[in-house]
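A.B. asks: In terms of the numbering used here, the sequence shown opens at residue 1 and continues consecutively.
By construction, the Cβ of each residue, glycine as well, lies at the ideal position given by its N, Cα and C atoms.
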Amino acid sequence: MVQEKRKIIVVGGGASGMMAAISAARLGNKVTILEQKENLGKKILVTGNGRCNFTNRVQLPFETYYRTEQISFPKPALEQFSFEDTLAFFSELGMQFKERNGYFYPFSGQASTVLLLLKKELDRLFVQVETNAKIRQIVNKKNQFSCFLEDNRVFYGDQVILCTGSMAAPKTGSDGSGYSLAKQFGHHLIPPLPALCPIEGKDVYGEHAIKGMAGVRTEAVLRLFIQSKLCFQERGELQIVEYGLSGIPIFQLSRYAIRAFEKGKSVWVEIDFFPDLDWKQSRKFLLQQLNQKQKTIEEALLGVLNRKIVFYLLRCAKIKPTEQNLTEKQFEQLLGCLKRFSVIMIGYRGFEQAQVCSGGVNTMEVKADTLESKLVQGLYFAGEILDVDGACGGYNLQWAWSSGFLAGKGL
Numbered sequence: 001m002v003q004e005k006r007k008i009i010v011v012g013g014g015a016s017g018m019m020a021a022i023s024a025a026r027l028g029n030k031v032t033i034l035e036q037k038e039n040l041g042k043k044i045l046v047t048g049n050g051r052c053n054f055t056n057r058v059q060l061p062f063e064t065y066y067r068t069e070q071i072s073f074p075k076p077a078l079e080q081f082s083f084e085d086t087l088a089f090f091s092e093l094g095m096q097f098k099e100r101n102g103y104f105y106p107f108s109g110q111a112s113t114v115l116l117l118l119k120k121e122l123d124r125l126f127v128q129v130e131t132n133a134k135i136r137q138i139v140n141k142k143n144q145f146s147c148f149l150e151d152n153r154v155f156y157g158d159q160v161i162l163c164t165g166s167m168a169a170p171k172t173g174s175d176g177s178g179y180s181l182a183k184q185f186g187h188h189l190i191p192p193l194p195a196l197c198p199i200e201g202k203d204v205y206g207e208h209a210i211k212g213m214a215g216v217r218t219e220a221v222l223r224l225f226i227q228s229k230l231c232f233q234e235r236g237e238l239q240i241v242e243y244g245l246s247g248i249p250i251f252q253l254s255r256y257a258i259r260a261f262e263k264g265k266s267v268w269v270e271i272d273f274f275p276d277l278d279w280k281q282s283r284k285f286l287l288q289q290l291n292q293k294q295k296t297i298e299e300a301l302l303g304v305l306n307r308k309i310v311f312y313l314l315r316c317a318k319i320k321p322t323e324q325n326l327t328e329k330q331f332e333q334l335l336g337c338l339k340r341f342s343v344i345m346i347g348y349r350g351f352e353q354a355q356v357c358s359g360g361v362n363t364m365e366v367k368a369d370t371l372e373s374k375l376v377q378g379l380y381f382a383g384e385i386l387d388v389d390g391a392c393g394g395y396n397l398q399w400a401w402s403s404g405f406l407a408g409k410g411l
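1. With distances taken Cα to Cα, identify the nearest neighbour of residue 38 among 66, 131, 57, 14.
2. Mind checking which residues open and close the beta strand (DSSP E) that includes residue 185?
3. Hey, how far is the Cα of residue 193 from the Cα of residue 234?
4. CB residue 189 to CB residue 404, shorter than 8 angstroms?
5. Indicate the three-state DSSP secondary structure (helix, strand or coil) for residue 275 in the structure shown.
6. Looking only at its chain, what residues have a beta carbon closer than 6 angstroms to the beta carbon of residue 24, apart from the 5 residues adjacent to it on each side?
7. Using CA coordinates, which residue listed in 86, 61, 310 is at the minimum distance from residue 74?
8. Just reading off the alpha helix (DSSP H) that residue 252 is part of, what are its end residues?
9. Between which residues of its own chain and residue 342 is the CB-CB distance below 6 angstroms, once the five residues before and five after are set aside?
10. Shortest alpha-carbon distance to residue 412 belongs to which of 210, 214, 239, 211?
11. Roughly how many angstroms separate the alpha carbons of residue 111 and residue 118, rounded to a whole number?
12. Are the Cβ atoms of residue 394 and residue 159 separated by less than 8 angstroms?
13. Can you round the beta-carbon distance between residue 361 and residue 386 to whole angstroms, since I take them to be within the 8 angstroms contact cut?
14. Using three-state DSSP, classify residue 201 as helix, strand or coil.
15. Would you kindly work out how many angstroms separate the C-alpha atoms of residue 80 and residue 368, rounded to a whole number?
16. Kindly indicate which three-state DSSP category residue 213 falls into: helix, strand or coil?
17. Do residue 127 and residue 33 have their C-beta atoms within less than 8 angstroms of each other?
18. Please classify residue 178 as buried or exposed, where buried requires at least 16 neighbouring CB atoms within 10 angstroms.
19. Taking only the alpha-carbon atoms, compute the straight-line gap between residue 171 and residue 40 and give it to the nearest angstrom.
20. What distance in whole Å lies between the Cβ atoms of residue 297 and residue 314, which are believed to be in contact at a cut-off of 8 angstroms?
21. Does the Cβ of residue 266 have 16 or more other Cβ atoms within 10 Å, making it buried, or fewer, making it exposed?
22. Closest to residue 161 by C-alpha separation, out of 18, 356, 317, would be which residue?
23. Out of 290, 5, 389, 54, state which residue places its alpha-carbon closest to the alpha-carbon of residue 252.
24. Using the C-alpha atoms, what's the distance from residue 167 back to residue 371?
25. Which whole-angstrom value describes the C-beta separation of residue 413 and residue 89, a residue pair presumed to lie in contact below a C-beta threshold of 8 angstroms?
26. Checking the sheet assignment: what are the DSSP bridge partners for residue 268?
27. What did DSSP end up calling residue 67 once you bin it into helix, strand or coil?
28. Leaving aside the five residues before and after residue 402 along the sequence, list all residues of the same chain whose C-beta is less than 6 angstroms from its C-beta, in chain order.
29. Could you give the residue range of the beta strand (DSSP E) that holds residue 147?
30. Would you mind reading off the limits of the alpha helix (DSSP H) that contains residue 80?
31. Could you give the distance in angstroms between the alpha-carbon of residue 326 and the alpha-carbon of residue 68?
32. Classify residue 315 as helix, strand or coil using the three-state DSSP reduction.
33. According to DSSP, is residue 367 part of a helix, a strand, or is it coil?
34. Considering only their Cβ atoms, is the gap separating residue 149 from residue 136 smaller than 8 angstroms?
35. Residue 186 and residue 375 look like a contact to me (Cβ under 8 angstroms); what is the Cβ gap, rounded to whole Å?
36. For my contact list, residue 12 and residue 163 are in at a C-beta cut-off of 8 angstroms; report their separation, rounded to the angstrom.
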């Protein structure tokens, strides 16, 4: 059923903004996108290393994959435009896709496919797109919105949807300007912080930034401790860098680590370099390796671990690589290094290296079933500007599609 034709202004031409515009235009509304960069969807092009992991089959429980202060908030949007709806939507646009362990990508392997099809749908629906359109102020009088641009242009609308993104990856246009617009209408923020990003650390053995293992990539289990409490566990390919830790498993836990760190809590990551073996199995395996005749401790470990890890852990355990017989104390210390190597968090990388932000517009001030502001009638939000951030694996784009669709529907 076509609603009464209205003028809709979508601020921001990223994933959520384009979806909001399409959703609103399909209902017969006159829609204008105001994008401050020179092109739409710049962030889409860099997602998934340019391959665009646009959704994920595994969605439940929502609270595991979509993080926010108000746990129940994302559910209505994700149910009204689900993972299945996302596949149907892009299939309708003509995109074929492929699945890898629940992760979905365009069959072309190119993020540009997703962007191109969205732009073609905007054209088909006669959505007006204005680029290089940086907003100075939005004024609401008598339920009419006036969007004043820095170049003195003015756009008018019955509804405004803020889809400006967060502060992550500012080169793509996410510079936090949407937060200022939200504040103009009386909205409050959960302080935005980087998420899905590397953390800085030092190990408990006195090395400032674990530089001895820099450049190593290795499969590991990571356990996040906050105030001595185990809060999160993740397995995957760990990347050790000069300043600390990176890689997908670190990204997955970074949201919790960074928000706790900013509150002054003690935070550390425990690395298990033998992820396939429990403590008892690891002990047995290490004994077997060490009991091989005429082998030094270095030779016993080189066939198992990266050379840099071997030399670094031996140094931490105060064991010479040429030793053949270990004392019980040395053995236990080495086993501890292998299974519970602790890196104390001392900082984190900034918004430039973050894929998304945690924090944003406080969802307590937004209606979960429509994404309309509780403070200003006709003002809507979608995407990263809200205090909702997803795990790695297509969840942030799924939130963009779901929230954009819902906000575009309007009342």
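C.D. replies: This is what the structure gives:
1. 131 is the residue among 66, 131, 57, 14 whose C-alpha sits nearest the C-alpha of residue 38.
2. That residue, residue 185, is in no beta strand (DSSP E); it is neither H nor E in DSSP.
3. 21 angstroms
4. no
5. coil
6. 8, 31, 408
7. 61
8. That run of the alpha helix (DSSP H) goes 248 to 262.
9. 204, 268, 270
10. The structure shown does not extend to residue 412, since the chain is modelled only from 1 through 411, so no value can be given for it.
11. 11 angstroms
12. no
13. Between residue 386 and residue 361 the Cβ distance is about 5 angstroms, and since that is below 8 angstroms, they are a contact.
14. strand
15. Cα to Cα, the separation comes out at about 11 angstroms.
16. helix
17. yes
18. By the 10 Å Cβ count, residue 178 comes out buried.
19. 13 angstroms
20. About 7 angstroms; that satisfies the 8 angstroms criterion.
21. Answer is exposed; the Cβ neighbour count stays below 16.
22. Nearest C-alpha to residue 161: 18.
23. 389
24. 20 angstroms
25. This structure cannot speak to residue 413, because the chain is shown only from 1 to 411.
26. According to DSSP, residue 268 bridges with 225, 344.
27. strand
28. 77, 78, 81
29. 144 to 149
30. 75 to 80
31. If you draw a straight line from the Cα of residue 326 to the Cα of residue 68, it is about 49 angstroms long.
32. helix
33. coil
34. In terms of Cβ geometry, residue 136 and residue 149 form a close pair [threshold 8 angstroms].
35. 5 angstroms
36. 4 angstroms
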